[in-house]
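Accompanying notes for the structure given below.
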Amino acid sequence: MIRNAVESDLPAIVEIYNHAVAIKIVTADVEPVTVESRFAWFHSHSSQYPLWVLERENAIAGWFGLRMFYGREAYQSTAEISLYVAPQFQRQGVGQTLVSHVISQCPKLEIHTLLAIAFAENQPSVVLLKKFGFEQWGYLPQVARSWDVDRDVIILGRKV
């Protein structure tokens, strides 16, 4: 079941995100976040840029968020995506289900373009997004530095 996230989901959302931080190739954060530090982020989501959770087995199996790209009005029909799956639910179709859901919701949200920003070495995410028609639209060599490693970043995009 996919539904809009509620504040009581935030601990599970943060736990999933912090697992991604520990993997070191999924997010640019290098330190775990706290529930308290994510309240403003949580409440920044809106009806046009929602935050969804997918529930399985009475647990949050993954989450997907949209946010306005670049924060200026001319870009309001373009959304940057965030997608994270709980470790115990990885490779079980959770990511595919969430990506499919967001694409189906874009017309209602008046979103015409989706963008994903990922470390180039994060092949599981890149492969997943390419399955859904995302293409590499940009390449930024060594623009991120985490854990003493310079990382290339790619921008994947898809028209909806």
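Everything in the sequence shown is counted per the numbering used here, starting at 17 for the first residue and increasing by one. Glycine included, every Cβ here is placed at the ideal spot set by N, Cα and C.
According to DSSP, is residue i helix, strand or coil?
i	result
Q158	strand
E73	coil
D164	coil
A21	coil
I170	strand
Q64	coil
If we ignore side chains and look at the alpha-carbon of each, how far apart do residue i and residue j end up?
i	j	result
G149	R167	24 Å
H61	E96	12 Å
R88	T94	10 Å
Q158	I18	36 Å
E47	S120	33 Å
S63	A160	31 Å
L125	Y33	25 Å
E151	I170	10 Å
H35	L114	18 Å
T129	T50	31 Å
I39	E73	24 Å
Determine which residues share a DSSP beta bridge with residue i and list them.
i	result
M84	A95
T129	T94 and K175
F135	V169
W79	V69 and Y100
E151	G173
With a cut-off of 8 Å on the beta carbons, I'd call residue i and residue j a contact; round off their distance for me.
i	j	result
A21	W57	That pair is no contact at about 11 Å.
V176	I133	Contact doesn't hold; Cβ gap of about 17 Å is too wide.
L144	G111	5 Å
L172	V142	7 Å
What do you reckon, is the C-beta of residue i under 8 Å from a heavy atom of the ligand HEM?
i	result
H61	No copy of the ligand HEM occurs in the structure displayed, which carries no ligand at all.
Alpha helix (DSSP H) segments (min. 4 residues) lying fully within the stretch 20 to 58:
Here the runs fully enclosed are 26 to 39.
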